[in-house]
Amino acid sequence: MLSFLPPPNDYVLIAVILGMPLLGAFVNGIWGNRLGKRAVRLMALSAVGASFVASLIAFMSLAQLSEQDKGAHVKLVWNAWEWMHTTGGQGATVPIEVKFSIDQLSGVMMLIVTGVGFLIHLYATSYMEKDKSYARFFAYLNLFIFAMLVLILGDNLPLLFVGWEGVGLCSYLLIGFWYENPANAAAGKKAFIANRIGDFGLLCAMFLLVQYTGALDWNGIANGASSLVHPGEVYRVHVWPLGGGHYEGFLHFLQPDKPYTISAATAVGLMLLLGCSGKSAQIPLYVWLPDAMAGPTPVSALIHAATMVTAGIYLICRLSFVFVLSPFTMMMIAIAGALTALFAATIAVVQNDIKKVLAYSTISQLGFMFLGVGVGAFTAGFFHVFTHAFFKACLFLCAGSVIHAMHARIHDDDKAQDVRNMGGLRKWLPLTHWTFAAATAAIIGLPFTSGFFSKDEILYRAFVDRTVNPENGVGLLKKLGTFAPPVWIGPVLYAMAVAAATLTAFYMCRLYFLTFWGDFKGWTVGRPSLLARHEIAAPHAEPDHVDDDNDDHDAGHVHHEDPATPGYAPHESPWQMTIPLIILAAFSLFAGVLNPGFGILKERPMDHWLEPVFKAASEKAVIFAHNNDASWAEHMEWPLALGGIGAFAIGTTLAWWVYISQRGAPAQRLAQSLPGLYRLVLDKWRIDELYEATVIAAVDSLAETAAAVDKSVIDGILARFTSLVVAASGTILRAFQNGVVHVYAAMMVVGLAVMGWFFAVPHPNATVVDAGHDDYVVTAAPGVGYAYRWDADGDGKPDKKDFGVDTTLKVHVEPGKSQTVNLEVRNSFGLVRTKTIHVARPEEPTSSL
Amino acid sequence: MIPAEHYVILSALLFVVGGVGFLVRRNVLITLMSIEVMLNASNLALVAFNRSRLAHVATSSYVVQSHTGQVFAFFIIAAEAAEVAVGLAIVLAFYRLRRTVRSDEADLLKN
Amino acid sequence: MNTAGTIYFYACALFALAGALGVVASKNPIRGAMGLLLLILSVAGLFLALHAQFLAAIQLIVYAGAIIILFLFVIMLLGPSASTPSDRRGIAARVFGGGLFGIAGLAALWAVVSAAMASHRAMPMPAPDDSFGGIDAFGSVLFADALVPFELSSGLLMVAVLGAMAVARGRQGQKSMSKNEQEVADSAFPVEKARELPGQTTGVFSHEIPAETPKESAS
Chain Z
1 MLSFLPPPND YVLIAVILGM PLLGAFVNGI WGNRLGKRAV RLMALSAVGA SFVASLIAFM
61 SLAQLSEQDK GAHVKLVWNA WEWMHTTGGQ GATVPIEVKF SIDQLSGVMM LIVTGVGFLI
121 HLYATSYMEK DKSYARFFAY LNLFIFAMLV LILGDNLPLL FVGWEGVGLC SYLLIGFWYE
181 NPANAAAGKK AFIANRIGDF GLLCAMFLLV QYTGALDWNG IANGASSLVH PGEVYRVHVW
241 PLGGGHYEGF LHFLQPDKPY TISAATAVGL MLLLGCSGKS AQIPLYVWLP DAMAGPTPVS
301 ALIHAATMVT AGIYLICRLS FVFVLSPFTM MMIAIAGALT ALFAATIAVV QNDIKKVLAY
361 STISQLGFMF LGVGVGAFTA GFFHVFTHAF FKACLFLCAG SVIHAMHARI HDDDKAQDVR
421 NMGGLRKWLP LTHWTFAAAT AAIIGLPFTS GFFSKDEILY RAFVDRTVNP ENGVGLLKKL
481 GTFAPPVWIG PVLYAMAVAA ATLTAFYMCR LYFLTFWGDF KGWTVGRPSL LARHEIAAPH
541 AEPDHVDDDN DDHDAGHVHH EDPATPGYAP HESPWQMTIP LIILAAFSLF AGVLNPGFGI
601 LKERPMDHWL EPVFKAASEK AVIFAHNNDA SWAEHMEWPL ALGGIGAFAI GTTLAWWVYI
661 SQRGAPAQRL AQSLPGLYRL VLDKWRIDEL YEATVIAAVD SLAETAAAVD KSVIDGILAR
721 FTSLVVAASG TILRAFQNGV VHVYAAMMVV GLAVMGWFFA VPHPNATVVD AGHDDYVVTA
781 APGVGYAYRW DADGDGKPDK KDFGVDTTLK VHVEPGKSQT VNLEVRNSFG LVRTKTIHVA
841 RPEEPTSSL
Chain E
850 MIPAEHYVIL SALLFVVGGV GFLVRRNVLI TLMSIEVMLN ASNLALVAFN RSRLAHVATS
910 SYVVQSHTGQ VFAFFIIAAE AAEVAVGLAI VLAFYRLRRT VRSDEADLLK N
Chain Y
961 MNTAGTIYFY ACALFALAGA LGVVASKNPI RGAMGLLLLI LSVAGLFLAL HAQFLAAIQL
1021 IVYAGAIIIL FLFVIMLLGP SASTPSDRRG IAARVFGGGL FGIAGLAALW AVVSAAMASH
1081 RAMPMPAPDD SFGGIDAFGS VLFADALVPF ELSSGLLMVA VLGAMAVARG RQGQKSMSKN
1141 EQEVADSAFP VEKARELPGQ TTGVFSHEIP AETPKESAS
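Protein chains in written order, with the numbering used here: chain Z, 1 to 849; chain E, 850 to 960; chain Y, 961 to 1179.
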């Protein structure tokens, strides 16, 4: 059927998948302003659309290929060119090629990126309609799709890193899209810098990998992965926490006498964890994601919900076989994930900005994903990535639709997004309401939605799975033993995850109720007054209305800031915005069919599809608790699921009670009774301020010191001192130039006298040349009217009495000895000068080494 | 017959006198005259050397012994006449500018 | 040893040295010019002793006949300002320069003389031909072997004439400065007026220097 497609080992369709968004970015970026909005729109949509169609075709090829090689880890590969090569730690050459591959894992990811990307592009064509930098937006958005695809499809770590940096760049560009507002630019910078800290970790991991495994592409690392833990002492990494010094007394406890020894796999894993924490917003590098909400809503939906932030989990899944070699790292990933999930959920409970709630919700869900992959449930974690893309994108786009409606009257960004100004919007935004409700149902885990299946799978696996080192009992590890996570870690993680799920249900329902139910608190809805009608017809003429915040804007309506004045009701969004919402909501409700748990389907499709990818990882590394008791694990399935359902039920009911039946009164009372705690949580636990006071302050003081040194030392000494020297010498020299001819003449005479002295007095000089056979020839330098007299034995008495004209003298010198020769020169004026010449011969070398 | 060395010694003495006069005197006219003295001294030396080394030349039909030194002295006289003319013109221009013939005053290139 | 020749030589040498010293040591430039004249005449005499008859004649004609006259003209043009009273400013550099030069020169002279005397070798003095130094011999060398320098020197003289005229003439078309202009020029470049020699009156020489050549000149 698909025989006209390229062969799997040279699958050039990948070039189309990658090239179309790049082309779109290029055209829109360079000529976008001249092409006009319609052309820009068409270019961007067709670029991503073509990429999506090509991805579908590629996926079908992959499916067909996977059918043929039953259960094998198949790949569609395209090697574009060789970028460079280097020498690995094994001594072999490591080629780094621009090589893309689609396997089962990246195939699914590719479909998510291009599919959801296309829907968001469609949404953005209407959302950004009134923006003056329309072309730039779509150029950046296409560029982002390209970079994300490079990240996903890259076959080796350097190429992935190119994509990694590319999405970081596009994130920066898009967060600070409305850069005239300095707060937006600062948010973009914060995102980039936090990502950069993570990138350091990724780079260190790359260096370690190329050193230990001798390869940087997935196949190569897999082949060489065992050398991360094998076989001897040389493969262990010694870590000195504070450098190699020796501290006395009080500080002794900081620095042990012997370094910590960790395996190379742990080192690589921890470095990769740092990298993924930066990109996927885990503790401690999550601080950029809430600020990133300063960008336009489609950006938040695409980058900070569906695709970029999942790159970290993708990397962990991709290098799963490396992570499982270090159970310590797996435990750290799981703990980081659970902590982040709980922490972010607590913050989301009290936030009032609709986008901020969703941002913290994203961080929390990313924590769930990390928890999933951290306990070894790679498929579960990845499935949560899959479902999260749909429901989170849907949530963000709905939020954008709501903001779009609110902006008709309220132009201040913060106020338009403030949930306290909304309420009862379900009357006027029915489509948005139902899609929001569907996505909320998915995220809180309403049974049989996609989110329910993915989240509950993670909860279940967190409890029952244990990770062990697959190389346990082999070689050195037999002697040293390996780290195994403690037995109580499973239940603890489960409890934290259930708590986070409860909070998730609570705050999402809170958001839903406050936005769509109750009374509308934005402005008075009704027919605008006749006075207002006139101003609708006339163009904007109010001087008090400052129209400079470039944001979600709806020009053409008259804007009254006074909420008491009646205005038109909030309106539903156009089809370009609602169709994507509907599609995404449908997916978030029904995508669970792809990996349902609880034995609903005998063979779970996504598990089966991804099984070859994670086989190497999960085969020996992930076992059940209680000594790999499979039946116990099965029996625990339903009870643990009850925990998940209970979380959903409790959270939803509590939210209903607080916000619908009691109309928010309990929340107010709680906030008033614990004002300090409330303010602390509202201020995001003041983590940003903590960073500001410690890390950033340290960097600032370092910068100030450097500036002071630069000013005083470098400018003062190097620059000004040298110029002072030059000026002073100039002043001194200038005194000689007094303009009087006689003084100049006198100086000429001085020069003449020196020259005359040089010519009038003889200057004896001689060179020594090795003539072989232990002989040296001493040749005197010639001069006008010179006569020479030699003294070959250096005893002070010349050989001949008269001055002759022979200029050479042969001297025989034994090895290791030296000889002194005197030369007397007389010039025509009769003046005689003497020079002593030493002729030395070095010792013969006794041995040649 | 006076040996040629005497002429050379005399030329050297005259040269030293002229040189010292050039370096010490401030009056521009006297300076120029000292230059004349030096040039005359060198002419004398040239002619003396020419007299002492009379190589036989075969180039021209008439002349048997070389007159190189004398011809050189001839050209020196000619060039030096030109130099004096221009030098005195400069002295006049200088005088018109500064109303003096002291070389100290010609210090516009100071510093 | 020819006694007359010896006396002749020593007389000419003495006069030459006297003339040179006169040039160098005189306050009055006229005296200096006269000393120069004496030197020239002595050197011409010495040329005669060296069998350079033509050159001696040229020396007299060009030097004594033209250059000295030129000097005298310029001195007369400058008038009393031609002589500068001595003062001690800047004497250090001058004395240093002159002293160093003198010492160096005399030292070099002494070195050469002592070396030459130590070598006991005299400069050769072959007998000259009859035509040596005469105008025929000179002319045949000048216009055969030394033709190029000859032509070049004629070009040099032409350029020198033009240059001297250009420099000495001043601004074309500008009349000679009137008394007021002279005062303005004086105030622009003030010259110490305390240079008047004691007992000097306005002087017999002209004060004004024509800024351009006389119109009736044929140039």
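For every residue, glycine included, the Cβ atom is placed at its ideal position computed from N, Cα and C.
Computed from a predicted structure; not experimentally measured.
Check                                                                                                                               : Outcome
Straight-line gap, Z:ILE112 to Z:ALA698 (C-alpha atoms, nearest Å)                                                                  : 41 angstroms
Short CB-CB distance (under 7 angstroms) between E:VAL873 and chain Y                                                               : yes
For Z:THR261, three-class secondary structure by DSSP                                                                               : strand
Exposure label - Z:ILE717; buried when at least 16 CB within 10 Å                                                                   : exposed
C-alpha gap between Z:HIS850 and Z:VAL48, whole angstroms                                                                           : Shown here, chain Z extends from 1 to 849; a query on residue 850 of chain Z therefore has no answer.
Chain E contacts from the stretch 722-755 of chain Z (Cβ-Cβ distance under 7 angstroms)                                             : ARG734, GLN737, ASN738, GLY739, VAL740, VAL741, HIS742, ALA745, ALA746, VAL749
CB contact below 7 angstroms: E:PHE924 versus chain Y                                                                               : yes
For Z:VAL287, the first and last residue of its enclosing beta strand (DSSP E)                                                      : Taken as a continuous stretch (DSSP letters only), Z:VAL287 belongs to no beta strand (DSSP E), as it is neither H nor E.
Sequence-distant residues of its chain with Cβ nearer than 7 angstroms to Z:THR346 (five each side left out)                        : LEU503, VAL681
Cβ-Cβ distance between Z:ASN469 and Z:PRO327 below 7 angstroms                                                                      : yes
Z:GLU82 - containing beta strand (DSSP E), residue span                                                                             : 75-87
Below-7 angstroms beta-carbon distance, Z:PHE803 vs any chain Y residue                                                             : no
Sequence-distant residues of its chain with Cβ nearer than 7 angstroms to Y:VAL1003 (five each side left out)                       : ALA976, GLN1019
Three-state secondary structure assigned by DSSP to Z:LYS427                                                                        : helix
Identified DSSP bridge partners for Z:PRO95                                                                                         : Z:HIS85
Assigned exposure category for Z:VAL740 - 16 Cβ within 10 Å defines buried                                                          : buried
Beta carbon proximity, E:MET882 to chain Y, threshold 7 angstroms                                                                   : yes
Contact check, Z:GLY445 vs Z:PHE648, beta carbons under 7 angstroms                                                                 : yes
Any chain Z beta carbon closer than 7 angstroms to Y:GLY1094                                                                        : no
Under 7 angstroms between C-beta atoms of Z:ALA851 and E:LEU872                                                                     : Here chain Z covers residues 1 to 849 and nothing more, so residue 851 of chain Z does not appear.
For Z:TYR776, the nearest candidate out of Z:LEU159, Z:LEU45, Z:LEU809 (CA to CA)                                                   : Z:LEU809
Reference Z:VAL53; option with closest CA among Z:VAL16, Z:ALA80, Z:ASN28, Z:HIS85                                                  : Z:VAL16
Rounded C-alpha distance that separates Z:GLU180 from Z:LYS415                                                                      : 20 angstroms
Secondary structure of Y:ALA1067, DSSP reduced to three states                                                                      : helix
Cut-off 6 angstroms between Cβ atoms - residues of its own chain near Z:GLY29, not counting five sequence neighbours on either side : ALA139
Cβ-Cβ distance between E:GLU954 and E:ARG945 below 7 angstroms                                                                      : no
Close Cβ partners of Z:ASN765 (< 6 angstroms) along its chain, the five nearest in sequence each way excluded                       : ALA781
Per-residue DSSP class, three states only, for Y:SER1043                                                                            : coil
Boundaries (first-last residue) of the beta strand (DSSP E) holding Z:TYR776                                                        : 775-780
Contiguous alpha helix (DSSP H) assignments of at least 4 residues, all confined to the stretch 449-524 of chain Z                  : 450-464, 476-480, 489-516
Assigned exposure category for E:LEU893 - 16 Cβ within 10 Å defines buried                                                          : buried
Reduced DSSP category for Z:ARG789 - H, G, I as helix; E, B as strand; rest coil                                                    : strand
Residue environment, Y:GLY965, which counts as buried when at least 16 other CB atoms sit within 10 Å                               : exposed
CB contact check: Y:PHE1056 to chain Z, cutoff 7 angstroms                                                                          : yes
Rounded separation between Y:SER1043 and E:VAL920 - CA only                                                                         : 36 angstroms
Residues sharing a beta bridge with Z:ASN822, DSSP                                                                                  : Z:ASP791, Z:THR836
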